[in-house]
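Here our numbering is used: the first residue of the sequence shown is 374, the next is one more, and so on. Quick reminder that beta carbons are idealized off the backbone N, C-alpha and C, glycines included. Below you'll find the structure, written out as structure tokens, and then a few comments.
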Amino acid sequence: MGSPEYTNASESTPLLPADHSMKGRQFSTSRARTIIFFVHLISTSINTACSILLAEYLVQRIGDDAGYINLTSVDHCTSNSSDPNTKHANEVQQQATDLLTYLNFVQCFPAICACFLVGSYSDYVGRRLILLLPLFTAFINYGITSLVIGFNLDLNFLYLGFGLDGLTGTWVARLVVEFAITADISVSKDSRTLWIFLLLCSGSIVTACMTLTTSYLIDSVGFLYASLVPTGMGLASFLVPLLFFQETLAQKPEVRVWSPMFHCRRLFGLYVTQGSRRRRATLTVCMFIFVFAVASEMKRETIDSLYQLHEPFCWDARRIGLYNSVRAGGGNLLGALWLTLVKICLTPETVGMIGVLFQTFAYVFEGLISKSWQFYIVPVLLAPATVTVPIVRATMSLLVSGDRQGALFSSIAVIESVTTLIAGTAFTEVYRATLSTVPGAVFFLTAGCGLIAFILYIFYFIIREKPGTENETSVDHEKDASKTDINS
């Protein structure tokens with residue numbers, strides 16, 4: 374990415390041996406890249422918007438079902454703790470938080486199982502089919518949410534949509550295939566790092582616009598019409614790749630293995646048997662950095678929305694939407710500017726390490742906020758942290774041969790699903806438990822994740838293996854290991 378560590382003669386050469394190159398490919402690189410960016414922009418933005426919409430809807434719906442009239446508009450901020458409105462608001466938020474936690478379980482448990490297989494299967498059957506499955510179930514999930522809102526159905530119907538989405542790996546499986554496709558069409562080291570970063574950060578502006586639009590629609594026309602927008606966009610994100618996306622996997626194995634155990638071995642072999650010991654150790658430390666960097670972002674939109682709805686802030690839907698737009702759009706744009714400025718003199722890993730440090734400071738600050746205007750400082754503090762996860766993903770991708778990119782990103786997805794389940798549940802439960810005493814306490818927990826990631830970066834710099842080192846030897850070793858797996 375422009376740092377001294379990566380500027381060498383091998384930057385313009387493919388990562389893969391000749392037989393795994395893109396020679397003779399039957400697809401348009403520009404079309405594949407355009408469609409993947411379209412899918413990522415739409416899917417990421419509506420996923421964020423729906424998280425915010427659902428959190429606000431559940432607060433209103435549970436309050437209405439309990440007979441509390443328009444609780445979200447009651448000015449309980451000026452009331453004391455014994456005021457009935459304040460007590461009712463706390464009860465409703467606790468019930469909404471519980472339901473969001475259960476939905477998280479229903480979605481994440483099957484997603485973890487699915488993510489064991491999706492990436493490795495995509496190395497065998499191709500990327501296209503594996504991409505379409507989570508896009509379709511996401512659309513069904515959004516549709517069921519709209520039906521629940523529109524017909525005032527029992528909230529238990531939400532479990533059906535979330536469970537179905539989890540069976541195909543949900544948004545995590547989609548990201549796996551997106552990264553694998555990016556690796557397929559980006560064969561040089563600089564190109565792969567750049568495009569993975571751009572893919573992860575490009576959704577910021579669309580996400581900002583989508584969250585702002587959703588919040589204004591909630592205030593203007595209600596939850597039903599606000600939910601129909603992401604449902605329609607979800608349908609578009611499925612139909613476009615269904616009709617126009619071409620397979621990007623350059624070469625499918627002649628022998629296709631369907632055994633789940635074989636594909637699980639391919640995942641964990643990256644960290645246990647394949648490559649040098651230093652390379653395996655580097656991958657393992659990178660994975661732990663990824664876990665704690667991602668954990669601090671889990672359920673961020675949901676908890677932020679609940680936090681801002683509560684006293685002493687008592688924000689409405691429009692204000693929450695405006696803030697999330699600033700945080701999603703402005704924060705990522707500032708992060709891109711930050712990376713552009715510092716990559717000249719710092720390596721990507723150093724930039725990532727600085728990012729998790731800023732992440733720690735930002736969440737400590739958010740936990741101490743007492744005035745509404747102070748929220749807008751948080752995106753500025755978090756800007757350097759927006760590049761950390763893309764850098765870690767790209768670093769790990771460069772350490773693995775091209776025929777195992779799907780397996781690598783699948784292993785990352787498994788860990789990300791587990792992290793989503795554990796961290797998401799932990800954070801919502803901490804928020805629920807501290808709601809009536811210190812609502813901002815949950816942000817100190819997320820700050821701790823950033824601090825752990827910073828410490829792990831120190832270990833990374835001690836044991837790391839630079840991308841490109843012993844590349845040919847590692848690739849040959851992986852080929853032999855693959856043959857052994859098939860024969861077994």
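- Per DSSP, the unbroken alpha helix (DSSP H) holding T543 starts and ends at T543 to I558.
- P483 and G536 do touch by the CB rule: their CB atoms are close to 7 Å apart, below 8 Å.
- Residue environment: V549 is assigned as buried (16 or more neighbouring CB atoms within 10 Å of its CB, all protein chains considered).
- Boundaries of the alpha helix (DSSP H) harbouring D677: R673 to L682, taken from the DSSP string.
- Per DSSP, reduced to three states, the secondary structure at T720 is coil, with no helix or strand assignment.
- Between the alpha carbons of F738 and E620 lies a gap of roughly 46 Å.
- Judged by their CB atoms, Y804 and L656 are not nearer to each other than the 8 Å cut-off.
- Classified as exposed, S593 has fewer than 16 neighbouring CB atoms from the shown chains inside 10 Å of its CB.
- With fewer than three CB-CB distances shorter than 8 Å, the region 562-581 does not count as touching the region 818-827.
- G813 sits in coil when the DSSP states are folded into three classes, being neither helix nor strand.
- DSSP places F734 within a helical segment (H, G or I) once states are collapsed to three.
- DSSP places C687 outside both helix and strand once states are collapsed to three, so it counts as coil.
- In the DSSP annotation of this structure, the continuous segment of the alpha helix (DSSP H) that includes E802 starts and ends at Q778 to T807.
- A direct Cα-Cα distance of roughly 13 Å separates S519 from S424.
- In summary, S495 is buried, with 16 or more beta-carbon neighbours lying within 10 Å of its beta-carbon over all protein chains present.
- Distance from the CA atom of R651 to the CA atom of Y830, rounded to whole angstroms, is 15 Å.
- Collapsing the DSSP output to three states places L526 in coil.
- Residue state for R406 is assigned as helix, using DSSP reduced to three classes.
- T587 is not a Cβ neighbour of L414, given a cutoff of 8 Å.
- Each of E464, L431, F411 and S401 was checked against the Cα of A806, and the nearest Cα belongs to E464.
- Taking every protein chain shown into account, the CB of P633 has fewer than 16 other CB atoms within 10 angstroms, so this residue is exposed.
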